[in-house]
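S.K.: Those letters in the sequence shown? Residues -3 to 236, per my numbering, in order.
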Amino acid sequence: MVMKIKKPSQGRQKIAIAKIEKRSNLQVTFSKRRSGIFKKASEMCTLCGVEIAIIVFSPANKPFSFGHPEVDSIVDRFIARNPNPNPLGLAGSTDTTQQLAEAHRNSSVHELNMQLTQIVNRLEAEKKHGEALDKMSKASQNQCWWEMPVDELGLHELQILKASVEEIKRNVNKQANRILMESRNPSAAANYSSSPLSMMNNIGGLVQRDIDDHYRFESKNPTDQIAHAYNFGYAGHGLF
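1. Assess, as a yes-or-no matter, whether the stretch 48 to 55 is touched by the stretch 26 to 34 under the definition of 3 or more beta carbon pairs within less than 8 Å.
2. Quick one: grab the DSSP three-state call for asparagine 197.
3. As a quick exercise: from Ala37, Met40, Ile50, pick the residue whose alpha carbon is nearest that of proline 59.
4. Determine the direct distance from the alpha carbon of serine 160 to that of glutamate 178, and round the result to whole angstroms.
5. Between which two residues does the alpha helix (DSSP H) holding serine 54 run?
6. So leucine 149 and leucine 157 are in contact, right, with Cβ under 8 Å, and what is the actual spacing, rounded?
7. With glycine 63 as the anchor, note down where its beta strand (DSSP E) starts and where it stops.
8. Does DSSP put isoleucine 33 in a helix, in a strand, or in coil?
9. Please classify asparagine 217: does DSSP put it in a helix, a strand, or coil?
10. Which two residues bound the contiguous alpha helix (DSSP H) that contains lysine 165?
11. Quick one: is tyrosine 230 buried, meaning 16 or more other Cβ sit within 10 Å of its Cβ, or exposed?
12. Do you know offhand how far serine 31's Cα is from lysine 124's?
13. Quick check: the Cα distance between methionine 181 and lysine 165, rounded to an integer number of angstroms?
14. In this structure, does DSSP put isoleucine 11 in helix, strand or coil?
15. For glycine 45, tell me which candidate among His64, Met144, Arg118 has the shortest Cα-Cα distance.
16. Suppose you measure from the CA of threonine 113 to the CA of lysine 18; what does that come to, to the nearest Å?
17. What does a CB cutoff of less than 8 Å around phenylalanine 74 pick up in its chain, not counting 5 residues either side in sequence?
18. Quick one: is the Cβ of glycine 45 within less than 7 Å of any heavy atom of the ligand FMN?
19. Within 10 angstroms of its Cβ, does asparagine 109 collect 16 or more other Cβ (buried), or is it exposed?
20. Straight-line CA distance for serine 38 to valine 71?
21. Residue range of the alpha helix (DSSP H) that isoleucine 70 falls in?
Pasting the structure below:
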């Protein structure tokens, strides 16, 4: 079996921290990095119970934000430099109600952040599973190279494929002649089936040992010898 030689890999390389000049690559990189930043912020909220606000403007000047519990309240507190303007228990009934409502909202957001983290982890696991399946599929294609499109095969593989197809054609002709002989003269067909040539009647399979010896020592065409060395993994059925 002919295996393809894999191209040498350069390995994992460090990406240079510099502005990306190509606009399409710039947008793709921004989307990936933005998702990564928001994911890390969500994990920090879940693990540490902190309040976070992130505002990002895309290269197209489109705003994106992430906040826990919400962006507006955190930004207002940051601008006013007042971390907790109405402590619970020191304000009136109205302020207490607002604090309870905000606490309930925070708990809901916290739960949603946990769900988001779980979904992202599942998505990454499925992505890795898909990449593993792709690698298995490519490895299977390398093993069954004869199933690849003809225009993707090399010269040596094409020679083997041609010789095998010609061998199949010869075996099909012999099988057709035998069936035709049986239909015309059953007694002659019985003699024919007991002759050494009848051992070549397995369509698409490898010929028997005495026929192999004949090809090995007497055939002048090297492709005839190649054809007897390959059955492409389908015993008794040749190439197909």
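Think of the CB as a built atom: it goes at the ideal place given N, C-alpha and C, for glycine as much as any other residue.
M.R.: Here's the rundown:
1. yes
2. Model confidence at asparagine 197 stands at a pLDDT of 44, short of 50, so the residue's coordinates are unreliable and nothing is read from them.
3. Ile50
4. 27 Å
5. Unbroken run through serine 54: none, as it is neither H nor E.
6. 7 Å
7. 59 to 64
8. helix
9. Confidence at asparagine 217 is low in this model, with a pLDDT of 48, below 50, so the placement of that residue should be treated as unreliable; the coordinate-derived value is given next. In the structure shown, asparagine 217 sits in coil (DSSP, three-state: anything other than H, G, I, E or B).
10. 151 to 180
11. Low confidence applies to tyrosine 230: its pLDDT is 43, below 50, so where it sits in the model is not reliable enough to give any reading.
12. 18 Å
13. The amino acid occupying residue 181 in the given sequence is asparagine; methionine does not appear at that position. Their backbone Cα atoms lie some 24 Å apart in a straight line.
14. coil
15. His64
16. 32 Å
17. Ala49
18. Looking at this structure, you won't find the ligand FMN or any other ligand, since it has none at all.
19. buried
20. 17 Å
21. 67 to 76
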